[in-house]
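One structure is given here, and the rest of the page talks about it.
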Amino acid sequence: MPAFLLAIAILVVVHEYGHYWVARRCGVRVLRFSLGFGKPFWSRRDAHGTEWSVAPIPLGGYVSMLDEREGPVPPELLNEAFNTKPVGQRIAVVLAGPIANLLLAVLLYAGLAMVGSSVRIPLLVTPTAGSMAALAGVNGGERILAIGGRETPGWGDVRWELLRQLAGGRMPCL
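Sequential numbering of the sequence shown, starting at 88, is according to this note's numbering.
Structure follows, in structure tokens:
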């Protein structure tokens, strides 16, 4: 459960930060950036007047912007209200969250492609004396190269080939 909440928190922060970043670039006053819903248990105000907060219900978040539809806006701040911005800027602010999540996914997949994944080599352990494996001549340390003529470079491949071979009723191993 903690890993799930951490993953959700990361996705929410990236998404909401996309809205926040583009809103600020478009001159929109951001009133609050919140991770979570409910009464905040932590909050701080930055130099731009944005309140950064963390609330107890971690299933989402939001960016609250100055907007005449939410309440009266002082005349001197009208140029910073979301609803007074050109349509193109409002569309950019709205789309920035999903685009930020898309960029995160691209970066994560690119990182995984660069790092790769480790493959655990399928080596057999020393069998218990008198076991079927010991009687079959397994000493331990042998590498499983193939099952049913198909190469098995990793334990995942061994597992799938064993299942496939078991379903077919035969299992020659090399």
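Each residue gets a CB set at the ideal place from its N, CA and C atoms; glycine is no exception.
Of the residues TYR196, PRO89, SER121 and ALA94, which one's Cα is nearest the Cα of GLU103? Comparing Cα-Cα distances from GLU103 to each of TYR196, PRO89, SER121 and ALA94, the minimum goes to SER121.
Of all Cβ atoms in chain B, is any one closer than 8 Å to the Cβ of ALA197? Judged by its chain identifiers, the structure shown contains no chain B, having just a single protein chain.
Just to confirm before moving on: does the CB-CB distance between VAL117 and THR137 stay below 8 Å? A contact, by the Cβ cut-off of 8 Å.
Quick check: what's the CA-CA separation for ASP244 versus PRO127? Here the C-alpha atom of ASP244 lies approximately 48 Å from the C-alpha atom of PRO127.
By the DSSP assignment, the alpha helix (DSSP H) with GLY243 in it spans what residues? Element bounds for GLY243: 242-255.
Ordered along the chain, which non-local residues of its own chain (more than five positions away) have a Cβ less than 8 Å from that of THR215? Counting only Cβ-Cβ distances below 8 Å, and skipping sequence neighbours, we find ALA221.
Limits of the unbroken alpha helix (DSSP H) element including LEU195: Its alpha helix (DSSP H) spans residues 174-202.
With a threshold of 16 other CB atoms inside 10 Å of the CB of PHE91, please say whether the residue is buried or exposed. That one is exposed.
Pick from GLY235, SER218 and ILE208: whose alpha carbon is nearest that of GLY228? Residue ILE208 is the option with its Cα nearest to GLY228.
Could you tell me whether the region 99-113 touches the region 183-198, using the rule of 3 or more Cβ pairs below 8 Å? Yes, since at least three Cβ pairs between the region 99-113 and the region 183-198 fall closer than 8 Å, the two stretches touch.
Straight-line Cα distance separating VAL206 from GLY241: Their Cα atoms are separated by approximately 5 Å.
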